[in-house]
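Read the structure below first, then the notes.
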Amino acid sequence: DTLLTDPAIKAVSFVGSVPVGQYIYETGTRNMKRVQSFAGAKNHMVIMPDADKQQVINALVGASVGAAGQRCMAISVAVFVGAAQEWIPELKEAMAKVRPGAWNDSGASYGPVISAKAKDRIESLIATGEAQGAKLLLDGRGCTVDGLPEGNWVGPTLFSEVTPDMDIYNEEIFGPVLSCVNVDSLGDAIELINASPYGNGTSIFTSHGGAARRFQHEIDVGQVGVNIPIPVPLPFFSFTGWKGSFYGDQHAYGKQAVRFYTETKTVTSRWFSSEATSSEANFSIQLR
Numbered sequence: 001d002t003l004l005t006d007p008a009i010k011a012v013s014f015v016g017s018v019p020v021g022q023y024i025y026e027t028g029t030r031n032m033k034r035v036q037s038f039a040g041a042k043n044h045m046v047i048m049p050d051a052d053k054q055q056v057i058n059a060l061v062g063a064s065v066g067a068a069g070q071r072c073m074a075i076s077v078a079v080f081v082g083a084a085q086e087w088i089p090e091l092k093e094a095m096a097k098v099r100p101g102a103w104n105d106s107g108a109s110y111g112p113v114i115s116a117k118a119k120d121r122i123e124s125l126i127a128t129g130e131a132q133g134a135k136l137l138l139d140g141r142g143c144t145v146d147g148l149p150e151g152n153w154v155g156p157t158l159f160s161e162v163t164p165d166m167d168i169y170n171e172e173i174f175g176p177v178l179s180c181v182n183v184d185s186l187g188d189a190i191e192l193i194n195a196s197p198y199g200n201g202t203s204i205f206t207s208h209g210g211a212a213r214r215f216q217h218e219i220d221v222g223q224v225g226v227n228i229p230i231p232v233p234l235p236f237f238s239f240t241g242w243k244g245s246f247y248g249d250q251h252a253y254g255k256q257a258v259r260f261y262t263e264t265k266t267v268t269s270r271w272f273s274s275e276a277t278s279s280e281a282n283f284s285i286q287l288r
């Protein structure tokens, strides 16, 4: 707690889980510190029936499995609108071709998860998802890599028929696990995402400008992608998570980051010539 209580420390920036993020924000601000606390995420990607199918599949595979799913902007929920759910079998085929491996394995798409504890937690959530009624299309448990038997490997995992009451839908798994949810309309998709306690990132894949416009205006999420699966902003914009994904006032990147790490100093000065004279005091605020 020294970082959060020592008067010599003026500001704290944190990235991690929701409980720790909340504690750091509450403790730091109580001790008069500036805090930016980036917490959990459950990022949804909406797939409209008019989207480019191959682009959708490529985006879902890369954004869910890349980095073993261990990134705060990973896509962990695919929301298929209407007939788009017919693409799930092809998504399964594409994910099945992906495998983990060592850094020097050119055929590997991602590495191990961070620890044995993380692996156990991911596999436990996979088991829970299956027990709660989700359909397990690809099971990444028991994954092995030749020559590296002690690696914390988890294979690509795909669920369909996931519902919002399931643990795999609500918890941030932080692994290569993708949950597929089916809805009837774009309005249903927006309502589903807005009900989430998180608001880090989301995206929509569509060829219809009207759908994209409605989505970006009605969605309660800080970072929105249109036909981009992981909408991390360019550095001159800010990383703007909302709701339970961020606690604080100034975000990372861009102008907000500069403001977070600096203090504003305003200097007002006036210089007099040797000939300057003043016959009386000035009782108003004037700079001349």
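Numbering (the UniProt record's numbering), first residue to last: 1 to 288. All C-beta atoms in this analysis are idealised placements derived from N, C-alpha and C, irrespective of residue type, glycine included. It should be emphasised that the depicted structure is a prediction, and the values quoted were computed from it without experimental measurement.
If we count the other Cβ atoms within 10 Å of its Cβ and call it buried at 16 or more, is Ile122 buried or exposed?
Taking the sequence shown and counting its residues from 1, the one referred to as residue 122 is at position 122. Using a 10 angstroms sphere on the CB of Ile122, the tally of other CB atoms reaches 16 or more, which defines it as buried.
Local conformation of His217 per DSSP, three classes
The residue given as residue 217 occupies position 217 in the sequence shown. It is helical.
C-beta contact flag for Pro156 and Leu137 at 8 Å
Along the sequence shown, one-based indexing puts residue 156 at 156. Along the sequence shown, one-based indexing puts residue 137 at 137. It is not a contact, given that the beta carbons lie outside the stated cut-off.
N-terminal and C-terminal residue of the alpha helix (DSSP H) that Leu4 is part of:
Working through the sequence shown from its first residue, we reach residue 4 at position 4. Here the alpha helix (DSSP H) through Leu4 covers 2-5.
Between which two residues does the alpha helix (DSSP H) harbouring Phe260 extend?
Locating residue 260 in the sequence shown gives position 260, counting from the first residue. If you look at Phe260, you'll find it in the alpha helix (DSSP H) that goes 254-261.
Under three-state DSSP, which class holds Pro100?
Taking the first residue of the sequence shown as 1, we reach residue 100 at position 100. DSSP places Pro100 in strand when its eight states are reduced to three.
For the alpha helix (DSSP H) containing Gly187, list its first residue and its last residue.
To locate residue 187, count along the sequence shown from 1; it is residue 187. According to the DSSP assignment, Gly187 belongs to the alpha helix (DSSP H) that extends over 186-194.
Using a 10 Å radius around the Cβ and a threshold of 16 neighbouring Cβ atoms, would you call Gly142 buried or exposed?
Translated into the one-based positions of the sequence shown, residue 142 becomes position 142. Taking all protein chains shown into account, Gly142 has fewer than 16 neighbouring C-beta atoms within 10 Å of its C-beta and is therefore exposed.
Report all residues from its chain with a CB closer than 8 Å to the CB of Asp184; omit the five preceding and five following residues, and keep chain order.
Taking the first residue of the sequence shown as 1, we reach residue 184 at position 184. Apart from the 5 residues on each side of it in sequence, Asp184 sits with its Cβ closer than 8 Å to the Cβ of Val81, Gly82 in its chain, given in chain order.
Which residue marks the beginning of the alpha helix (DSSP H) containing Ile57, and which one marks its end?
Locating residue 57 in the sequence shown gives position 57, where the first residue counts as 1. Taken as a continuous stretch (DSSP letters only), the alpha helix (DSSP H) holding Ile57 covers 53-65.
Beta carbon of Pro7 nearer than 8 Å to that of Tyr110
Locating residue 7 in the sequence shown gives position 7, counting from the first residue. Locating residue 110 in the sequence shown gives position 110, counting from the first residue. Cβ atoms of Pro7 and Tyr110: not closer than 8 Å.
Out of curiosity, what's the CA-to-CA distance linking residue 289 and Trp271?
With the chain covering 1 to 288 only, the question about residue 289 has no answer from this structure.
If Gln132 and Met166 are in contact, beta carbons under 8 Å, what's the gap, nearest whole angstrom?
Numbered from 1 along the sequence shown, position 132 holds the residue referred to as residue 132. Numbered from 1 along the sequence shown, position 166 holds the residue referred to as residue 166. Rounded, the Cβ-Cβ distance is 5 Å, consistent with contact.
My understanding is that Ala112 touches Ala84, with C-beta atoms under 8 Å, so please give their C-beta distance in whole angstroms.
Translated into positions along the sequence shown, residue 112 becomes position 112. Translated into positions along the sequence shown, residue 84 becomes position 84. According to the sequence displayed, residue 112 carries Pro and not Ala. Between Ala84 and Pro112 the Cβ distance is about 32 Å, and since that is not below 8 Å, they are no contact.
Given 8 Å, three or more beta-carbon pairs between the segment 8-19 and the segment 231-242
Inter-segment contact for the segment 8-19 and the segment 231-242 is absent: fewer than three beta-carbon pairs are separated by less than 8 Å.
Take Glu191 as the anchor and find which of Arg71, Arg214, Ala39 has the nearest alpha-carbon.
Against the sequence shown, residue 191 aligns to sequence position 191. Here the closest residue by C-alpha is Arg214.
Checking the sheet assignment: what are the DSSP bridge partners for Arg34?
Within the sequence shown, numbered from 1, the residue matching residue 34 stands at position 34. Bridge partners of Arg34: Ala11.
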